[in-house]
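Presented below is the structure to which this report refers.
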Amino acid sequence: MDDMDMKVAGTRKCFTAIQADLEIPATNVKPKKLDMMSEIIRDPRKFKKDYRPVTERLTIELNQRLQLIGPSGIDETNFTLFASSSQKAMNETKEIIENLLPH
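Numbering (the numbering used here), first residue to last: 13 to 115.
Have a look at this one:
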């Protein structure tokens, strides 16, 4: 059973680093964790926090993307995914992008 991996680095005089990875068989605690979580929060929250991470898909036409980010990494789809730390930051990012794109 390959449950240990050991790496050693050093010179003839001494070891400079030793790393041992031990793989211990896991136990299935997922049902127990879910039970504990449901005791605290039974239903999804009805409101969204202001400073939660958000993602949005913006439709940016190919010719506009070329002007926004250049020709590198462009594919044939018109969708680009943006991620932000909050909805406020996402709105600011979208406004900057809209101001940069030709109308």
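The beta-carbon is built from N, C-alpha and C at its ideal position, and this holds for glycine as well.
Using a threshold of 8 Å, is the CB atom of residue 103 nearer than that to any non-hydrogen atom of the ligand SAM? In the structure shown, the ligand SAM is absent, as is every other ligand, since no ligand is present at all.
Tell me which same chain residues have a C-beta within less than 6 Å of the C-beta of residue 17, skipping the five on either side of it? 33
How many whole angstroms separate the CB atoms of residue 80 and residue 46, which I take to be in contact at a CB cut-off of 8 Å? No, residue 80 and residue 46 are not in contact; Cβ-Cβ is about 43 Å, not under 8 Å.
Which of helix, strand or coil DSSP assigns to residue 25: Note: residue 25 maps to coil in three-state DSSP.
Which whole-angstrom value is the C-beta distance of residue 139 and residue 78, which I expect to be below 8 Å? A question about residue 139 goes unanswered here, because the residues of the chain that appear run from 13 up to 115.
Go ahead and pull the three-state DSSP assignment for residue 39. coil
Nearest CA to the CA of residue 98: which residue from 75, 36, 65? 65
Does residue 77 come out as helix, strand or coil in the three-state DSSP assignment? helix
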